[in-house]
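K.L.:
Numbering (the working numbering), first residue to last: 109 to 305.
Backbone N, C-alpha and C define an ideal beta-carbon position, used for all residues, glycine too.
Input: one structure, supplied below.
See the structure below:
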């Protein structure tokens with residue numbers, strides 16, 4: 109082994125070895141594949157225009173009896189495949205998973221009691237540029253969808269006792285939910301001219 113070989117990292121050595129048999133692009137693809145297999149994440153290059161994807165952990169059955177039901181945590185799936193999860197509630201915490209969605213579902217899925225529900229979709233522009241370009245026709249659907257998601261998560265008061273948490277009143281909260289959603293969407297309701305009201 110020469111002096112130069114000793115200064116190389118394992119990744120650099122693998123890349124140099126692969127370049128002996130294939131071109132640079134194929135060698136880099138091999139190194140990237142090795143990183144995915146060994147570390148569980150993708151190498152993201154600065155020139156790649158990849159956006160993180162937001163998700164929630166939606167729990168239908170609380171196996172532990174601690175976190176409750178509904179959207180119990182917010183998460184981000186980063187472009188390299190890793191994930192961050194921030195728990196909601198009185199005792200919030202943040203967890204990072206190097207193996208991304210696979211680890212999140214394995215640890216917190218509880219055999220289907222909790223699912224990962226993506227707020228953003230692959231290939232969708234991120235929310236920041238969409239909000240900045242709010243007046244454009246292309247941005248409006250994404251902004252409206254975000255407003256609608258937030259409105260659907262807002263607690264609805266019971267028409268009998270005014271509680272926003274569960275109560276014993278067996279009252280229909282549909283009317284209150286409609287009022288919240290319509291109030292949130294009011295600025296985007298069309299006037300017939302194709303512009304926001």
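Taking the alpha helix (DSSP H) that residue 264 falls in, what are its first and last residues?
P.N.:
No alpha helix (DSSP H) contains residue 264, which DSSP labels as neither H nor E.
K.L.:
Can you name, in chain order, every residue of its own chain whose Cβ lies under 6 Å from the Cβ of residue 123, other than the five neighbours on each side?
P.N.:
135 and 139.
K.L.:
Measuring CB to CB, does residue 193 end up less than 8 Å from residue 202?
P.N.:
Contact: yes.
K.L.:
Starting from residue 194, trace the beta strand (DSSP E) both ways and give me its first and last residue.
P.N.:
Residue 194 -> beta strand (DSSP E) spans 191 to 195.
K.L.:
Note down, in chain order, each residue of its chain lying with its Cβ closer than 8 Å to the Cβ of residue 150, except the 5 sequence neighbours on either side.
P.N.:
Excluding residues within five positions, the ones whose Cβ falls inside 8 Å are 140, 143, 144, 187, 188 and 189.
K.L.:
Could you name the residues of the same chain whose beta carbon sits closer than 7 Å to that of residue 288, not counting the 5 residues immediately before and after it, in chain order?
P.N.:
Taken in chain order, the residues that qualify are 259, 262 and 264.
K.L.:
Give me the residue from 282, 266 and 283 with the minimum Cα distance to residue 275.
P.N.:
Ranking the options by Cα distance to residue 275, first place goes to 266.
K.L.:
Taking the straight line between their C-alpha atoms, what separation do you get for residue 273 and residue 281?
P.N.:
Roughly 11 Å between the two C-alpha positions.
K.L.:
Going by the beta-carbon positions, is the gap between residue 177 and residue 167 smaller than 8 Å?
P.N.:
Yes, they are a contact pair.
K.L.:
Which same chain residues end up closer than 6 Å to residue 279 when comparing Cβ atoms and leaving out the 5 residues on each side of it in sequence?
P.N.:
For residue 279, where only same-chain residues beyond five positions count, the Cβ hits under 6 Å are 266, 267 and 268.
K.L.:
Kindly indicate which three-state DSSP category residue 178 falls into: helix, strand or coil?
P.N.:
In the structure shown, residue 178 sits in a strand (DSSP, three-state: E or B).
K.L.:
Given a cut-off of 8 Å, decide if residue 165 and residue 216 are closer than it, judged by their beta-carbon atoms.
P.N.:
Yes.
K.L.:
Going by beta carbon distance, what residues of the same chain come within less than 6 Å of residue 195, once the five residues before and after it are set aside?
P.N.:
Excluding sequence neighbours, residue 195 sits near 181 and 201.
K.L.:
For a test of the three-state rule: what should DSSP assign to residue 285, helix, strand or coil?
P.N.:
The answer is helix: DSSP assigns residue 285 an H, G or I state.
K.L.:
DSSP three-state label for residue 209, please.
P.N.:
It is helical.
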